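Okay, structure first, notes after.
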Amino acid sequence: MKNFDPKYNDIPKTEIHCHLEGAIRTQTIIDVAREYNLKLPSYEVSELDKHVKVYDQLQSLQAVLEAFDIFQDSITSPAVFERIAWELFEDCAKQNIKLFEVRFSPDWAFHGHNLDWDACLEGLLRAQERAERELDMAIGIIAITSRGMGAESCVKTVDWAIRHQKHIQAVDLADGELLYPMDDFVKPIRKAKDAGLKVTIHSGEDTPASAVWDTIHAFQPDRIGHGIHSIEDMKVVELIKERNITLEVNPWSNYLTNSVKTIEEHPLKKLFDLGVKVTINSDDPEVLETNVNNEYRIAYEVLGMSLDDIKTCNRFACEASFISAEKKTRILETYFQ
Ligand SMILES: [Zn+2]
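Note that this note's numbering has the sequence shown beginning at 1187, numbered continuously upward.
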């Protein structure tokens, strides 16, 4: 599914919704498993791909859960975390991504091998610094708190992100919106906001417009992850516009997880035409076997957006990016004028 058609590849890109844990190369999973004696269903890339990638629309969540178990188990040390981050930045550079925000859930990613969060962050920062220098990118970092890890984990993650505010720009509340009510997370997320961190919330992915409405009122987020079901209620669309909230949309991911029935009915263009600030992202590029080039192909060839529309989405992403002005200004002037 990777797409390196120059029509899309040559466009300087932004990506502001990408999970590091869903972006581990299959070869890296195998290398790490060999080094750390981890059990895998296969040690051949083409065979293992069948276990770590979602190629078709999901009939059950089980396939994706198995993939994420393997990904989680692969994060065995701060050095491995640094390698994964560096390889993701390399893969971004190949697609001409110039402004990139990476997100990860420290509690989810690091608890399996009981890793030191600070040491892992240091590894990520080394990869970030190198990529910004060698690949000419501006990179931001978002700490995720996973709903499934519970309220205590949310408090711990927010406090950690606040402590590292020099390097982490925002927090994100992710994971099954249907399964876990938002009440437990409102207080810590508000605390992050009060401390000066930006806030993005996964909402309206497989939940109705009313969930987006509630999310906006409870968390006052700067951005929303997905938010696609807001299209079902014009009141919610108006609220998003009124609050100047940017949506981080991931079309292929939405199709694979059954959040839209067919890719043709994805509401990206409809939201754009209604004046909502939408951006185009890949979500979990390795697990979902996609990349931003492929998302552009979908936007252009399937959903009927023009290349100028897509460039406008890049401008929205630049404006809504959590990366400091000091760091992003040169990149914006060089690539997104
Ligand atoms: Zn996501």
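Note that beta-carbon positions come from the ideal geometry of N, C-alpha and C, so glycine has one too.
Computed from a predicted model, the values in this text were never measured in an experiment.
Between the options, which has its C-alpha nearest residue i's C-alpha?
| i | options | result |
| --- | --- | --- |
| Val-1446 | Leu-1311, Val-1266, Asp-1495 and Gly-1390 | Gly-1390 |
| Asp-1470 | Asn-1189, Leu-1321, Glu-1308 and Arg-1211 | Arg-1211 |
| Tyr-1441 | Lys-1456, Ile-1484 and Ile-1402 | Ile-1484 |
| Val-1218 | Ala-1265, Thr-1498 and Ala-1360 | Ala-1265 |
| Asp-1196 | Glu-1315, Ile-1496, Glu-1519 and Thr-1515 | Ile-1496 |
| Pro-1192 | Cys-1504, Tyr-1482, Thr-1520 and Lys-1514 | Tyr-1482 |
| Cys-1204 | Ile-1216, Trp-1438 and Val-1423 | Trp-1438 |
| Asp-1184 | Ile-1202, Lys-1514 and Lys-1455 | Any answer about residue 1184 is impossible in this case: the structure gives the chain only from 1187 up to 1523. |
| Glu-1519 | Leu-1301, Val-1398, Lys-1284 and Val-1250 | Lys-1284 |
| Asn-1444 | Asp-1242, Leu-1301 and Arg-1316 | Asp-1242 |
| Arg-1316 | Gln-1351, Leu-1301, Trp-1303 and Arg-1269 | Arg-1269 |
| Leu-1224 | Leu-1310, Tyr-1194 and Asp-1255 | Asp-1255 |
Just to confirm before moving on: does the CB-CB distance between residue i and residue j stay below 8 Å?
| i | j | result |
| --- | --- | --- |
| Arg-1409 | Ala-1506 | yes |
| Glu-1363 | Thr-1343 | no |
| Val-1238 | Phe-1267 | no |
| Phe-1522 | Pro-1198 | yes |
| Ile-1387 | Pro-1407 | yes |
| Asn-1479 | Gln-1213 | no |
| Asp-1358 | Ile-1330 | yes |
| Gln-1355 | Ile-1517 | no |
| Ser-1291 | Ser-1332 | yes |
| Leu-1234 | Leu-1226 | yes |
| Ala-1313 | Ala-1271 | yes |
| His-1353 | Leu-1425 | no |
| Ala-1337 | Phe-1371 | yes |
| Ile-1325 | Arg-1289 | no |
| Asn-1477 | Thr-1200 | no |
| Gly-1334 | Asp-1369 | no |
| Leu-1162 | Ile-1417 | For the chain, the structure presents residues 1187 to 1523; residue 1162 sits outside this window and is missing. |
| Val-1423 | Leu-1460 | yes |
| Ile-1216 | Val-1240 | no |
Would you identify the three-state DSSP class for residue i, choosing helix, strand or coil?
| i | result |
| --- | --- |
| Gly-1334 | helix |
| Asp-1369 | helix |
| Ala-1295 | helix |
| Leu-1433 | strand |
| Lys-1421 | helix |
| Ala-1381 | coil |
| Arg-1211 | coil |
| Thr-1443 | coil |
| Glu-1233 | helix |
| Ser-1260 | helix |
| Ser-1526 | Outside the displayed range of the chain (1187 to 1523) lies residue 1526, so it cannot be described from this structure. |
| Lys-1514 | helix |
| Val-1473 | coil |
| Gly-1326 | strand |
| Gly-1411 | strand |
| Lys-1193 | helix |
| Lys-1463 | strand |
| Ile-1216 | helix |
| Leu-1321 | coil |
| His-1205 | strand |
| Phe-1286 | strand |
| His-1403 | helix |
| Asp-1304 | helix |
| Asp-1361 | coil |
| Ile-1387 | strand |
| Lys-1239 | coil |
| Lys-1427 | helix |
| Thr-1574 | A question about residue 1574 goes unanswered here, because the residues of the chain that appear run from 1187 up to 1523. |
| Thr-1200 | strand |
Step through the CB atoms of chain C and report whether any lies within less than 8 Å of the CB of residue i.
| i | result |
| --- | --- |
| Leu-1442 | The chain inventory of the structure shown lacks chain C, comprising one protein chain alone. |
Segment contact, 8 Å Cβ cut-off, at least three pairs: the stretch 1411-1426 with the stretch 1366-1385: Flag = no, the stretch 1411-1426 and the stretch 1366-1385 do not touch.
message: Does the contact criterion of 3 or more C-beta pairs under 8 Å hold for the stretch 1205-1219 versus the stretch 1461-1476?
response: With contact defined as three or more Cβ pairs closer than 8 Å, the stretch 1205-1219 and the stretch 1461-1476 are in contact.
message: Does the contact criterion of 3 or more C-beta pairs under 8 Å hold for the stretch 1256-1264 versus the stretch 1296-1303?
response: Short answer: they touch.
Touch test, the stretch 1381-1389 against the stretch 1343-1357, Cβ-Cβ under 8 Å, three pairs minimum: With three or more CB-CB distances shorter than 8 Å, the stretch 1381-1389 counts as touching the stretch 1343-1357.
message: Give me the pocket residues for ligand 1, defined as CB within less than 6 Å of any heavy atom, sorted by chain position.
response: Output, sorted by chain position: His-1203, His-1205, Ala-1360, His-1388, Gly-1411 and Asp-1469.
- prompt: Taking three-plus beta-carbon pairs below 8 Å as touching, is the stretch 1473-1490 in contact with the stretch 1444-1458?
  reply: Remark: three or more beta-carbon pairs, one from each stretch, lie closer than 8 Å, so the stretch 1473-1490 and the stretch 1444-1458 are flagged as touching.
query: Between the stretch 1275-1285 and the stretch 1316-1323, are three or more C-beta pairs nearer than 8 Å?
result: Pairwise C-beta distances place the stretch 1275-1285 in contact with the stretch 1316-1323, as three or more of them are shorter than 8 Å.
message: With three or more beta-carbon pairs closer than 8 Å as the criterion, would you say the stretch 1433-1440 touches the stretch 1453-1465?
response: Note that the stretch 1433-1440 touches the stretch 1453-1465; at least 3 beta-carbon pairs, one per stretch, sit closer than 8 Å.
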